[in-house]
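Chains as they are written, first to last, in the numbering used here: chain A, 88 to 888; chain B, 2 to 286; chain C, 273 to 435.
To keep things clear, I will list the structure first and then write my remarks on it.
Written as C-alpha cells, this is what we have:
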C-alpha cells in the first residue's frame, strides 16, 4: 500500500460522518436470507397458540383443557395455574415508576380469573405444529360470566361508571397536572381566547412482522435462551429474571432480525413469559409467532385522547397561556406507564413561547388493549392539539396561520431555551439547539405558501377544493441515561461493535458500523455489528424514543475513538513515533511517511492479548477492547415544520394528499440516506393517522377492525410527493451533536393534513377536530356547515389564510 | 391463522367435480376456484369446510370462448385474463376497464370471474358488470343444468341462487353492439380496495341520442341491479351533464343504501350519485 | 387425521418432491418444508403482500394457495431472483442504492411483484409502479424510494446493464 496523498492522520476520523453509505443489513434482506424470529427452526421444536378472550370483560368460571390435551400432537395446555410453580409472581410488574399512579394494574402472565380485554391470553397450547395447536384451541372449554365492559375512556370516569377491573375501586389509573406560569392572569388579560375540543383516535404500530418468541432451555447448563422480536432485550431479560426467579447468568435474550418495531415491541408481554415457561416445562425448543389477528387484539396500541383546550393570546396573537383537560385512554393494564400522556403534555408547549400552561390529565382504564408508545409516543397528539388551536386563533383573529406561528415560535437566538417543565424522569426540559422560525420559513418557501391563494382560487373556479396546512413540531429524542457499546479488535484483525441497542429495521447496525469505521479507517463492511444480545454486553436499554443513534451511537463513537488512540499508542511505542506521525488506514497503523513501519490491527491486538510471561507495552492495558457508557440525561430536541397540500372531493368526502414538505433538524446526521428513510416512514404513518388508521371498537369494547381490509394502512397509491428539507443544529449534549429522527415524520403530519383539509374546505367554514377523519365525517361537516349557512344567511367564512 | 383440517379433492373433470359436490355436500363441501376469498375465511376459521373441491385442474374451465354471439367465460377464467381487451369490440374494452379496478395484480392472477359472482360481495365489480351486461349463468349439479339471468342470480349480501350442491360452471355475456358506449368509475379508500362505490353505465348512441341505457352500481346495495329510474333519465336524451346529473340523482334516490361502520346511508347515497355521474362523464371520453 | 398428498414442483429452478398435508399453505410449505424463509407472512389473509411469489411467472399470494395446488407448477421466491451468489438482480441492487428497504420484511413480496411488472412492462411510469405495488404494504419506507428504485432498475434492465 502507499501513503501517497494521505494526510498525516491517514483516514481522517470524521470523514465518514454525514455520508450516505449503503447499509450492511441489505444483502441478506434482499436475498431472503435474513433471520427473523419465525425463520428460526430447531430440531424438536414445538409450537404455541394462545386461547384469547372473546369478551372485553368477564369472569372466568371454569377452564376445561381435557379435550385439548387429548388431541394427538398436543404436548401441553397451560393455564396460569400450570405456570405458577415457575413464577415468583403471576404478574408482569413493568410500570415505569411514578407517584401519580392511583391503581396498580399489572398484567397476569395468563388470565387470573378475570379477563379485561378482548385478546387477553387465557391458555396456551403447545403442539407439534401451529396447525395442531390452533385445532386444540377450539377444544378448550371456558365458562365466562360476562361483566359490563368499559369501551370509552369518557364513560369510564363518569359517576357510577362500570368498573374495568371488578376488583378496583374506580377507573382513574392516574391524574397528573402540567402547570407553570400564572394561568389566571394570562386569561384575565387576554385580548382573545380560542377554544377547541379535539380527539385523536387509536391505532397500532403495525410492523409488517408481528411479534414472536423462540425459547430454548438447556438443562445441562440450566440456561434459558429467549429469541424475541423485542426492541428491548435487556429489559426483557431483567423482567424474566424477576418473574422466573432466575439469575441473569442463567438467561440470555437475543433479538434476531426484526421486521419493524414502531413501539409496541418495546413492551414485555405475557407471551414472553409463557413461551419461556413452556420451554422450561417441556425441555424442548418452543416457538410462538403472533399472527395478524392476534396482533390486532393483543399487541399494545396508542393515541386515544380527548382534549378540551383554551388558548389566551394578546392583540398581536402572542400566546399568553394555555389551559385545559386531556383524557387519555390507558387501556386495560399498565403495560408501560404514564409516559405517553407525559409526551403529549410536553409536546404542546415545546415549539412556542408559552408563558403559562395548565393541563390536567386523567388516564382512564378501559377494557381495551393496553396503551403504550406507538411511533411518536403521545407527541402527535400534543402537536395536533397545539397546531389546531393556533389555526383557530388565526381564523378568529383574521390572521395568516403561518404568521401567528412565526410570532410565537422559540427564536434561534434564544437557544438553548429552558422550558419550565421536567421529564417523567424529573430532568429539566431544555430546547438544546435549532432554528424553528427558519424551519418554518423553509417549508413555506418550498410550498409557495404566499402564492397558494391564487392557485386555490383558480382550482375553486373549476370546482376543486385544494388546501395547504402547516404544523411545527419538536421531537424529544435520545432518552437517557445510556446505551453502552463495546468495540473490539481481535487477533485476526476483525472488528466488532456490540451494544444493547436493538435493531428493528432502522439501520442500527449500519449506523454503528459507520461510526466505528469512521474512527478506524476501514470500510463499514469490515465491521461486524452485533445488536440486541444480552450475552454480548452486560447492560442495555433498547430501541425506542429515537434514542439508538444518540445513545448507542455516541457510545460506539467514543469506544472506537478509544481503540484508535490505544492502537496509535501501541504502534507509536513500537516504532518510536509520535501520534502526529502515524496514520490509520486499511486495517493498519503505520508511520505515514514510512508505511513499512507499522502494524496490522491483528498484530496490535496480539500485542495486547498477552503472552505468558511477557510484558504488555508500557502504559497500555490488556486487550484491544473498549466499552463506553456514554451518559446523557437531558433529551436532545429535534425540530421541524411540515406543510401538506390536499384536495378534498366534496362529493365523496375523499381526501388526497398531493404534496408534503417537511423541514427538519436532527443536528449532525450520520447517514443522510437513512435519515430521509426514517422521515419518509414517519410521514407515511402520520398520513395513516390523519386519514386512514382507525382501530374501531363497539360499545362492548369488541374490536371491529381486526384485519387489513378493515384497518387501513397507507399504501403506495396514497403517498404524496414528498420534499425533505434539512437543517443541522448539532446538539451540545453529545460529542457528535446527534439528535434522533425516528419519530419526527409522524408528529406534525396529522396536524398539517387537518389544517390543509380545513383550508380546502374554507368556503364552507368547517373545522377539523379529529384524527383520523374519514369521508363520512368530512361530508357530515360540509352538510352541517351548509345547513348552518342556510339557517344563518351570512357571508361564507372567509378563507383562513 | 392456520386453516382447520379438511378433505381435499382435485377432480380431473367437471363431471367428477359435480359428483364430488353431490356426494360431499352434506359434509359442507366447497368449490375452490381462485381461493382469494375462501382461503382467508378459512385462515380466520370463519369457514371450516369439510371438503374442498379444487377445480383448478379441470381442463376446459379456464377458457374464454369468443366464437359465439355471446362471450363464454369458464369457471376458472381469472381476472387477469380480462386486463387486456379479450376482443376488439366495446365489450372487451369495458371488461378491461373494470378488470383494472379489481384488487391488485397478485389477486387478479388467481381470482376468477365466476368465483366473484358466486361469492357475491356487494362491492364486486364483476357482479355489477354481469348484471349490466345481462349475463346468463350456467349452473350445474350432478345430472342437471339450469341457466339464470344475472337479475335472477343475486339474492343479497353474499347470497345467490346457487344451492350447496351446485356450481357456477360458466356464464355467457351477450356482446354489446358496436355503437355502445360505456363509462366506469370507482371510488375506494385506497388504491385497490373494495369499492366504496362504483358505477357502470352503458348506452347506445343513435342519431346523437342515448338509447338502451343501463346503469348498475356496486357497493351501493346488498346486490347489484339495473336502476331503471336512472336509465330512464338517459334514454332519448342527448348526452349532457344535465342528463347525467339527473340520472345520478335518480340512482342515488333509487338505492337501498348499504351501511357499515365507515359509511352511513347518507354518505352511501352521496357516493352513488358521484360515481354514477362520473361514470357517465367517462362515457364521453 | 391429517390428509396428505405427494406433490412435485419446481422451486427456483430446482425440482422438488414432497408429501404435504393438504391444508398446508404454499407459504408454509416454502418456509417450513423447504426452509426458504425469505417468503414472509405478514397477515395470512392476502392483504399485506409480503408472501407474494411468482407462480409460473405470475405474482400470487402464497398464503392464499395450498401447497397441493402448486403441484406441477414453477415457483419463484425471493431466493431465486439473484443470478448467483455473487451478483444480485438489478432490482435488488437498486433497492439497496435507493434505500428502498428498512426492516426488509415486506421486501421479498415487493421484489417478486416488481419482477413481474418489469418483465411485462420494461418502461413503467411511476404511477404504474405505484399501481403494481398497491397490494404490498410497507410500514418503513413510505414507498417513494421503492418507486425510485424500480425506475432505476427498469432503466438498467433496458440498457442491458447487469445491475
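Even for Gly, the Cβ is constructed at its ideal location relative to N, Cα and C.
So within the region 99-171 of chain B, which uninterrupted beta strand (DSSP E) runs reach at least 3 residues, ignoring any that extend past its ends?
Taking only runs of at least 3 residues, the beta strand (DSSP E) segments lying wholly in the region 99-171 of chain B are 137-142, 145-150, 155-157.
Find the residues of chain A that neighbour residue 191(B), judging by a C-beta separation of less than 9 Å, and give them in chain order.
Correct list: 779, 799, 800, 801, 802, 804, 805.
At the 7 Å Cβ level, is residue 303(C) part of the contact set with chain B, yes or no?
It does not; no Cβ of chain B falls within 7 Å.
If we require 4 or more residues per run, which alpha helix (DSSP H) segments fall completely within the region 516-581 of chain A?
Listed in chain order, they are 523-534, 539-548.
Considering only C-alpha positions, which residue in the set 292(C), 297(C), 307(C) is nearest to residue 284(C)?
Of the candidates 292(C), 297(C), 307(C), the one whose C-alpha sits nearest the C-alpha of residue 284(C) is 307(C).
Are the region 721-741 of chain A and the region 578-590 of chain A touching, with three or more C-beta to C-beta distances below 8 Å?
Taking 8 Å as the limit for Cβ pairs, the verdict is that the region 578-590 of chain A does not touch the region 721-741 of chain A.
Step through the CB atoms of chain B and report whether any lies within less than 7 Å of the CB of residue 866(A).
For residue 866(A), the answer is yes, since a Cβ of chain B falls inside 7 Å of its Cβ.
Just to confirm the assignment, what range does the alpha helix (DSSP H) spanning residue 427(A) have?
Its alpha helix (DSSP H) spans residues 426-436.
Is it buried or exposed for residue 280(C), if we count other Cβ within 10 angstroms and need 16 for buried?
Label assigned to residue 280(C): exposed.
Along the chain, where does the beta strand (DSSP E) that runs through residue 618(A) open and close?
First-last of the beta strand (DSSP E) with residue 618(A): 614-618.
How many Å lie between residue 623(A) and residue 221(B) at the Cα?
Near 60 Å, if we compare the C-alpha coordinates of residue 221(B) and residue 623(A).
Residues in the region 334-347 of chain C with C-beta within 9 Å of chain A's C-beta atoms, listed in sequence order?
Cβ contacts with chain A come from no residue of the region 334-347 of chain C.
Check whether the Cβ atoms of residue 1(B) and residue 159(B) lie closer than 7 Å to each other.
Coverage of chain B is limited to positions 2 through 286, which leaves residue 1(B) absent and any answer about it impossible.
Classify residue 32(A) as buried or exposed, calling it buried when 16 or more other Cβ atoms lie within 10 Å of its own Cβ.
Absent from the model: residue 32(A). The displayed extent of chain A is 88 to 888, so no value can be given.
Which residues does DSSP list as the beta-bridge partners of residue 65(B)?
Residue 65(B) pairs with 74(B).
Below 8 Å, how does it come out for the region 302-321 of chain C and the region 256-268 of chain B: are there three or more Cβ pairs, yes or no?
Segments in contact, no.
Helix, strand or coil: which one does DSSP assign to residue 212(B)?
DSSP places residue 212(B) in strand when its eight states are reduced to three.
For residue 66(B), I'd like the list of residues in its chain whose CB is within less than 6 Å of its CB, leaving aside the five on either flank, ordered along the chain.
For residue 66(B), where only same-chain residues beyond five positions count, the Cβ hits under 6 Å are 73.
Could you name the residues of chain C that residue 54(B) contacts, counting a contact when the two beta carbons are closer than 7 Å?
Going along chain C, no residue has its Cβ under 7 Å from residue 54(B), so there is no contact; the nearest lies around 12 Å.
Residue 156(B): buried (16+ other C-beta within 10 angstroms of its C-beta) or exposed?
It counts as exposed.
Between residue 430(C) and chain B, is the shortest Cβ-Cβ distance under 7 Å, so that the two count as touching?
Chain B contact via Cβ: absent.
Any Cβ of chain C within less than 7 Å of the Cβ of residue 111(B)?
At least one chain C Cβ lies under 7 Å of residue 111(B).
How would you write the range of the alpha helix (DSSP H) that residue 762(A) sits in, first residue to last?
Here the alpha helix (DSSP H) through residue 762(A) covers 759-774.
What residues from the region 624-650 of chain A come within 7 Å of chain C, judged by C-beta to C-beta, listed N to C?
Of all residues in the region 624-650 of chain A, none has a Cβ within less than 7 Å of some Cβ in chain C.
For the pair the region 795-811 of chain A and the region 480-499 of chain A, tell me if three or more CB-CB distances fall below 8 Å.
Touching, no, given that fewer than three Cβ pairs across the two stretches are closer than 8 Å.
What are the residues that DSSP puts in a beta bridge with residue 175(B)?
DSSP, once it has assigned bridges, lists 71(B) as partnering residue 175(B).
Which runs of the beta strand (DSSP E), 3 residues or longer, sit entirely within the region 279-351 of chain C?
Complete beta strand (DSSP E) runs here, min 3: 286-293, 324-327, 330-333, 346-348.
Is residue 408(A) helix, strand or coil when you go by DSSP?
Residue 408(A) falls in the strand class under three-state DSSP.
Which residue from 357(A), 518(A), 715(A) puts its Cα closest to that of residue 586(A)?
Considering only alpha carbons, the answer is 715(A).
Nearest by alpha-carbon distance to residue 452(A): which of 386(A), 253(A), 186(A) is it?
Considering only alpha carbons, the answer is 253(A).
With DSSP as the reference, please indicate the residues paired to residue 185(B) in a beta bridge.
BP columns for residue 185(B) point to 201(B).
Can you tell me which of the three DSSP states residue 355(A) falls into?
It is coil, neither helix nor strand.
For a test of the three-state rule: what should DSSP assign to residue 234(A), helix, strand or coil?
Three-state DSSP puts residue 234(A) in coil, outside helix and strand.
Run through the DSSP bridge pairs and tell me what residue 282(B) is partnered with.
Paired residues: none, contrary to the question.
Is the Cβ of residue 350(C) closer than 7 Å to any Cβ of chain A?
Yes, residue 350(C) counts as interfacial toward chain A.
Residues of chain B with CB under 7 Å from residue 863(A), in chain order?
Under the 7 Å cutoff, chain B gives 263, 264, 265, 268.
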